[in-house]
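Asks:
Structure (structure tokens):
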């Protein structure tokens, strides 16, 4: 992909993955109200320019709307799944301060992210067996090198319990 346009670095995968704001599952919609001119909206403009692409990449389930030149002072509004609204005033703040504040109030904590990563790794562990909905394999017979299921391929008679019991009884007689 050619690197064309204004600041094409913002569209690289490496840049998008460096975003550290991952919203809690409660956040459904984020609106950004800012002005394209004026010193009070400078932080909000830079936030939209540098941080919004990362937020969109890290939070694909969140709808993000930008409203330009519709308000005298810049602010962010978050709509949560229970109908609650969170209003964040960003007037005169730097875009890094805005990012830090948003991460603090609506972002997932490091422990939450680690727990989710651990749960994801547990679910994808090849040693786990169960329904396909939760695990990679339903049965040990799906692992290469293991004995196939007796329902699909009959076991050798030396491995069946009836045969072993019969041989044991014959040896005792």
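Numbering (the numbering used here), first residue to last: 461 to 633. The beta carbon of each residue, even a glycine, is placed where N, CA and C say it ideally should be.
Per DSSP, which one or two residues make a beta bridge with residue 505?
Replies: Bridge partners of residue 505: none, in fact.
Asks: How many Å lie between residue 599 and residue 617 at the Cα?
Replies: Each residue's alpha carbon lies about 22 angstroms from the other.
Asks: So, residue 550 versus residue 522, is the Cβ gap smaller than 8 angstroms?
Replies: In this structure, residue 522 does not lie closer than 8 angstroms to residue 550 by Cβ.
Asks: Is residue 543 buried or exposed, if buried means 16 or more other CB atoms sit within 10 Å of its CB?
Replies: Residue 543 should be labelled exposed.
Asks: Does the Cβ of residue 717 have 16 or more other Cβ atoms within 10 Å, making it buried, or fewer, making it exposed?
Replies: Outside the modelled stretch of the chain, which goes from 461 to 633, sits residue 717, for which no answer is possible.
Asks: Does the pairing of the stretch 517-533 with the stretch 567-578 give three or more beta-carbon distances under 8 angstroms?
Replies: Result no; under three Cβ-Cβ pairs closer than 8 angstroms.
Asks: Take residue 671 and list the residues in its own chain whose beta-carbon comes closer than 8 angstroms to its own, dropping the five residues that flank it on each side.
Replies: Given a span of 461 to 633 for the chain in the structure shown, any question on residue 671 remains unanswerable.
Asks: I think residue 492 touches residue 536, with their Cβ atoms under 8 angstroms apart; what is that distance to the nearest whole Å?
Replies: So it is a contact: roughly 6 angstroms between Cβ atoms.
Asks: Among 538, 532 and 541, which has the Cα closest to the Cα of residue 552?
Replies: Nearest C-alpha to residue 552: 532.
Asks: Quick one: what's got a C-beta closer than 7 angstroms to residue 671's C-beta in the same chain, skipping five residues either side?
Replies: Any question about residue 671 goes unanswered here, given that the chain covers just 461 to 633.
Asks: In the structure shown, what three-state DSSP assignment does residue 571 receive?
Replies: Three-state DSSP puts residue 571 in a helix.
Asks: Pick out whichever of 483, 631 and 505 has its Cα sitting closest to the Cα of residue 518.
Replies: When only C-alpha atoms are compared, the closest one is 483.
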